[in-house]
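Protein sequence lines, in the order shown, are assigned to chains S and Y.
Mapping to UniProt numbering: the first sequence position 127 is 127, numbers consecutive.
Mapping to UniProt numbering: the second sequence position 191 is 191, numbers consecutive.
Report on one structure; see the data block that follows.
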Amino acid sequence: MSLKNKLHDLKMKYKGTKMAPAFNALHTFLYLPNETTHSGSHVRAADDLKRTMNTVIIALIPCLIFGIFNAGYQHYSAINGFPQDFSLFEHFINWENFVLGAWTVLPLVIVSYGVGLGVEFLFAVIKGHEVEEGYLVTGMLVPLIVPIDTPLWMLTIAVIFGVVIGKEIFGGTGMNILNPALTIRAFLFFAYPTWMSGDKVWVHGAVERDAQIAAGASDVSAISGETILGTLAQNNTPDYSIMEMFYGFIPGSVGETSTLLILLGGLFLLYTKVASWRIMLSSVVGALVMGLIFNWVVDAGIITESSNFYGLMNVTFWEHLIIGGLAFGIVYMATDPVTGSQTNKGKWIYGFFIGFISVMIRVFNPAYPEGVFLAILLMNVFAPTIDHYVIRGNVKRRKNRLKVKTA
Amino acid sequence: MGLLSKKDRALILDPLTDNNPITIQVLGICSALAITAQLKASIVMALSVIFVMGVGNIVISLMRNIIPSKIRIIVQLVVVATLVIIVDQVLKAFSYELSKQLSVFIGLIITNCIIMGRFEAFALGNGVFRSFLDGIGNALGYGVILIIVGFFRELLGSGTLLGIQVLGDPIAKTGLYSIGYENNGFMLLSPMALITIGIIIWVQRSRNPELVEEN
Chain S
1 MSLKNKLHDL KMKYKGTKMA PAFNALHTFL YLPNETTHSG SHVRAADDLK RTMNTVIIAL
61 IPCLIFGIFN AGYQHYSAIN GFPQDFSLFE HFINWENFVL GAWTVLPLVI VSYGVGLGVE
121 FLFAVIKGHE VEEGYLVTGM LVPLIVPIDT PLWMLTIAVI FGVVIGKEIF GGTGMNILNP
181 ALTIRAFLFF AYPTWMSGDK VWVHGAVERD AQIAAGASDV SAISGETILG TLAQNNTPDY
241 SIMEMFYGFI PGSVGETSTL LILLGGLFLL YTKVASWRIM LSSVVGALVM GLIFNWVVDA
301 GIITESSNFY GLMNVTFWEH LIIGGLAFGI VYMATDPVTG SQTNKGKWIY GFFIGFISVM
361 IRVFNPAYPE GVFLAILLMN VFAPTIDHYV IRGNVKRRKN RLKVKTA
Chain Y
1 MGLLSKKDRA LILDPLTDNN PITIQVLGIC SALAITAQLK ASIVMALSVI FVMGVGNIVI
61 SLMRNIIPSK IRIIVQLVVV ATLVIIVDQV LKAFSYELSK QLSVFIGLII TNCIIMGRFE
121 AFALGNGVFR SFLDGIGNAL GYGVILIIVG FFRELLGSGT LLGIQVLGDP IAKTGLYSIG
181 YENNGFMLLS PMALITIGII IWVQRSRNPE LVEEN
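Here's what the structure looks like:
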């Protein structure tokens, strides 16, 4: 008897009991269900929620793999010095980097999925509804947007908070107002700011080294890795070239450094029509517009080098797209169909302000070195309002049209 | 209990649970968010409100037949303001540090909607003793929530209770901190107070589904 049938039998055995949703979820996650609907009319379509979620996960896998190698690369480079003539296979894709990266990144993934799905199962069992696929994407996003050395117990608390407060209390998958992955990120940022910013958290081992030195070890030297945004916020010039930023060989959260792979993932999402091109395009436009305004302010001489904002304002406008998590946020999180705007016109407005506000927060508030998650959460809150007025506007226009016709 | 009739007892006990001013009527949220980052401040705030509401309800109830209804709000404000000033002065005299910390929020007891609400809804139409009980009951209901929220926020946010380090010393890394525990800075910010109150409301309503409002 195949595993599928075994699961089906288990499911039938537990039907009607408290544990039913758990078996049901496992069965539908791995296979197509054995049952078919018998009554009513239905649409046959392959792109159910599971398919949609899996598409996003596939688009995220390159970022995850890159993140694993980059974790090792940043660690060893910080210790041994960055290689002079960088070659991809010699210095980046090698066994050493992979082992260290996997050792540090995979626990984040496991904790994120384990805790998140645990909470989902618990709620399904208590509330008696089916387990929904909603956490599959969130669980993959979370490890990619946290610093590499985030302690696992912090991640656990944050995931519980994010899934319960961000999603379950609103009624579960599809009913949430805020993007759960970003809720988790925001919780971590405000609860444990020392682990979420600064120059010690982006490279594996930096905090540990500091503790050893503080304890009196003399055979190790301190390592650190400031993000590009952090460097710019202090009015310093980053040591990385434009291409390095674009390819992603820079310190940062686990999976958001490589703009190239994010771009590929984004194209894949657009090709499969899972993500909205309107949101992506308008977010990019919003970021560019804000960047241009800042560049103009600097060129006009209103802000001089003595200003605290000079470093970030002086960044060429399009470079905002390849530093920090802006690209990752735009491609994978702004386009969340649940929390974003639903109307086409609304999507333009929603996306534009995500890009616009991200760059604005980035430049103006040194306490929030990355404004993307705040901008997306803010626009999540406004998305229903935007939709409301777009729909009202449509109704009004149609009414006027009707008036003209009947007059 | 011979002292209080069943009806009188309900005046005190109802606001503690099924008719709580914060979790059921959702009043007085502003101060509950602002001063609950520390348990001590919550307790002092709770005591202040108990004093103001108990005495205030007595005064209003005594005057209920001679207040012209057109100016009753002004009279109520004068009564609350007087009592709040007394509280403020006492705090300044005996606990200056704390009064600094509570700053404007003692003064803002005047605008606490629970107090005006009880004056209007109860003291203006009931006898002195019953008004007193009602005031004490509602203030207790308010205070209980404040203290619960203050307890969790101070414990998780600062690792202390009433200023005593109960989880160990975060700088010397003793106690829980020696195994890597860290204080949750988010608990000290107002949004977390709102979420804590929300969780209390959630727990209360899932234990007693009758409290859930119908839409």
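The beta-carbon is built from N, C-alpha and C at its ideal position, and this holds for glycine as well.
Between S/Ile165 and chain Y, is any beta-carbon pair separated by less than 9 Å?
Walking along the first sequence from the start, residue 165 of chain S turns up at place 165. Taking Cβ atoms only, chain Y reaches closer than 9 Å to S/Ile165, which makes this a yes.
What is the residue span of the alpha helix (DSSP H) that Y/Arg64 lies within?
Position 64 of the second sequence holds residue 64 of chain Y. Per DSSP, Y/Arg64 belongs to no alpha helix (DSSP H) and is neither H nor E.
Name the residue from S/Asp387, S/Val359, S/Leu326 and S/Asp299 whose alpha carbon lies nearest to the alpha carbon of S/Gln342.
In the first sequence, the residue the question calls residue 342 of chain S occupies position 342. The residue from S/Asp387, S/Val359, S/Leu326 and S/Asp299 with its alpha-carbon nearest to that of S/Gln342 is S/Asp387.
Quick one: what does DSSP say S/Leu32 is sitting in, helix, strand or coil?
Within the first sequence, residue 32 of chain S is the residue found at index 32, counting from 1. Note: S/Leu32 maps to coil in three-state DSSP.
Y/Gly135 and Y/Asn57 look like a contact to me (Cβ under 8 Å); what is the Cβ gap, rounded to whole Å?
Here residue 135 of chain Y is taken as the residue at index 135 of the second sequence, counted from 1. Here residue 57 of chain Y is taken as the residue at index 57 of the second sequence, counted from 1. That belief holds up - the Cβ atoms of Y/Gly135 and Y/Asn57 are roughly 3 Å apart, short of 8 Å.
Take S/Pro147 and list the residues in its own chain whose beta-carbon comes closer than 8 Å to its own, dropping the five residues that flank it on each side.
The residue you call residue 147 of chain S lines up with position 147 of the first sequence. The answer, listed in chain order, is Trp195, Met196, Val201, Trp202, Ser253 and Val254.
In its own chain, which residues sit with a C-beta less than 8 Å from the C-beta of Y/Met1, not counting the 5 before and 5 after it?
Counting from 1 along the second sequence, the entry for residue 1 of chain Y is found at position 1. Below a pLDDT of 50, predicted positions are generally treated as unreliable, and Y/Met1, at 47, falls in that range; the measurement from the model is reported next regardless. So the qualifying residues of the chain are Arg9.
Report all residues from its chain with a CB closer than 7 Å to the CB of S/Tyr113; omit the five preceding and five following residues, and keep chain order.
Position 113 of the first sequence, counted from the start, is the residue given in the question as residue 113 of chain S. So the qualifying residues of the chain are Gly139.
Taking only three categories from DSSP, how would you classify S/Thr194?
As a first step, residue 194 of chain S must be located in the first sequence, where it is residue number 194. Three-state result, S/Thr194: helix.
Taking Cβ positions only, does Y/Gly185 come closer than 9 Å to chain S?
Residue 185 of chain Y sits at position 185 when you count from the first residue of the second sequence. Output row for Y/Gly185: interface = yes.
Which of the residues in the stretch 178-208 of chain Y, read from start to end, lie with their CB under 9 Å from any CB of chain A?
In summary, chain A is missing from the structure at hand, where the protein chains are S and Y.
Do the stretch 350-367 of chain S and the stretch 320-330 of chain S meet, that is, are 3 or more Cβ pairs less than 8 Å apart?
yes
From the DSSP output, which residues share a beta bridge with S/Thr227?
Translated into positions along the first sequence, residue 227 of chain S becomes position 227. S/Thr227 pairs with nothing; no bridge assigned.
For the 8 Å Cβ check, are there 3 or more pairs between the stretch 131-145 of chain Y and the stretch 173-193 of chain Y?
no
Cβ closer than 9 Å: which chain Y residues qualify as neighbours of S/Tyr192?
As a first step, residue 192 of chain S is located in the first sequence; it is residue number 192 there, counting from the start. The answer, in chain order, is Glu182, Asn183, Asn184, Gly185 and Phe186.
Would you mind working out which of Y/Arg130, Y/Ile85 and Y/Ser99 sits nearest Y/Ser5, comparing C-alpha positions?
If you number the second sequence from 1, residue 5 of chain Y lands on position 5. Of the listed residues, the one whose Cα sits closest to Y/Ser5 is Y/Arg130.
Which one of S/Val115, S/His27, S/Glu133 and S/Leu122 has the shortest CA to CA distance from S/Asp48?
Position 48 of the first sequence, counted from the first residue, corresponds to residue 48 of chain S. That would be S/Glu133, whose Cα lies nearest to the Cα of S/Asp48.
Identify which residue in S/Phe353, S/Glu208, S/Leu264 and S/Phe23 has its Cα closest to the Cα of S/His75.
Here residue 75 of chain S is taken as the residue at index 75 of the first sequence, counted from 1. Taking only the C-alpha atoms, the option nearest S/His75 is S/Glu208.
Between Y/Gln38 and Y/Arg153, is the Cβ-Cβ spacing less than 9 Å?
In the second sequence, the residue the question calls residue 38 of chain Y occupies position 38. In the second sequence, the residue the question calls residue 153 of chain Y occupies position 153. Yes, the pair counts as a contact, with Cβ atoms nearer than the cut-off.
Closest to Y/Pro191 by C-alpha separation, out of Y/Met116, Y/Pro21, Y/Cys30 and Y/Ile73, would be which residue?
Along the second sequence, one-based indexing puts residue 191 of chain Y at 191. Checked all of Y/Met116, Y/Pro21, Y/Cys30 and Y/Ile73; the closest Cα to Y/Pro191 is Y/Cys30.
Could you tell me which of S/Val164, S/His91 and S/Leu88 sits nearest to S/Phe121, measuring between CA atoms?
Numbered from its first residue, the first sequence carries residue 121 of chain S at position 121. The shortest Cα separation from S/Phe121 among S/Val164, S/His91 and S/Leu88 belongs to S/Val164.
Straight-line CA distance for S/Asn176 to S/Ile169?
As a position in the first sequence, residue 176 of chain S is number 176, starting the count at 1. As a position in the first sequence, residue 169 of chain S is number 169, starting the count at 1. Approximately 8 Å, taken between the alpha carbons.
Let me confirm a value: S/Asp336 is counted as buried when at least 16 other C-beta atoms fall within 10 Å, else exposed. Which label applies?
The sequence position of residue 336 of chain S within the first sequence is 336, counting from 1. S/Asp336 comes out buried.
Are the beta-carbon atoms belonging to S/Val119 and S/Ile160 less than 9 Å from one another?
Position 119 of the first sequence, counted from the first residue, corresponds to residue 119 of chain S. Position 160 of the first sequence, counted from the first residue, corresponds to residue 160 of chain S. With a cutoff of 9 Å on beta-carbon distance, S/Val119 and S/Ile160 are scored as near each other.
Closer than 7 Å between beta carbons: that is the criterion. Which residues of the stretch 133-157 of chain S meet it against chain Y?
Pro151
Less than 9 Å between CB atoms is the rule here; does S/Trp296 satisfy it with respect to chain Y?
The residue given as residue 296 of chain S occupies position 296 in the first sequence. It does not; no Cβ of chain Y falls within 9 Å.
When you compare only the Cα positions, how much space is there between S/Phe352 and S/Leu7?
Here residue 352 of chain S corresponds to residue number 352 of the first sequence, with the count starting at 1. Here residue 7 of chain S corresponds to residue number 7 of the first sequence, with the count starting at 1. Roughly 47 Å between the two C-alpha positions.
Which word fits S/Ile302, buried or exposed, when buried means at least 16 other C-beta atoms lie within 10 angstroms of its C-beta?
Numbered from 1 along the first sequence, position 302 holds the residue referred to as residue 302 of chain S. The residue is exposed, with fewer than 16 neighbouring Cβ atoms inside 10 Å.
Please classify S/Arg392 as buried or exposed, where buried requires at least 16 other C-beta atoms within 10 Å of its C-beta.
Numbered from its first residue, the first sequence carries residue 392 of chain S at position 392. Exposed is the call here.
Would you report the Cα separation of S/Ala71 and S/Asp210, rounded to the nearest angstrom?
For this step, residue 71 of chain S is matched to residue 71 along the first sequence. For this step, residue 210 of chain S is matched to residue 210 along the first sequence. For S/Ala71 and S/Asp210, the distance between alpha carbons rounds to 18 Å.
With Y/Ile35 and Y/Ala41 assumed to form a contact (beta carbons below 8 Å), what rounded beta-carbon distance in angstroms separates them?
The residue labelled residue 35 of chain Y in the question sits at position 35 within the second sequence. The residue labelled residue 41 of chain Y in the question sits at position 41 within the second sequence. That pair is a contact at about 5 Å.
Apart from the five residues on each side of it in sequence, which residues of its chain come closer than 7 Å, Cβ to Cβ, to S/Leu32?
By 1-based counting over the first sequence, the position of residue 32 of chain S is 32. Counting only Cβ-Cβ distances below 7 Å, and skipping sequence neighbours, we find nothing.
Okay, do the stretch 12-30 of chain Y and the stretch 196-211 of chain Y touch, 3+ Cβ pairs below 8 Å being the bar?
yes
With 9 Å as the threshold, decide whether the Cβ of residue 408 of chain S is near any Cβ in chain Y.
Chain S is shown only over 1 to 407; residue 408 of chain S falls outside these bounds and no answer can be derived.
Which value, in whole angstroms, describes the spacing of the CA atoms of Y/Arg118 and Y/Met63?
Counted from its first residue, the second sequence places residue 118 of chain Y at position 118. Counted from its first residue, the second sequence places residue 63 of chain Y at position 63. Each residue's CA atom was taken as its position, placing Y/Arg118 and Y/Met63 some 15 Å apart.
Kindly confirm or deny that the stretch 291-305 of chain S and the stretch 269-279 of chain S touch, where touching means at least three C-beta pairs closer than 8 Å.
no
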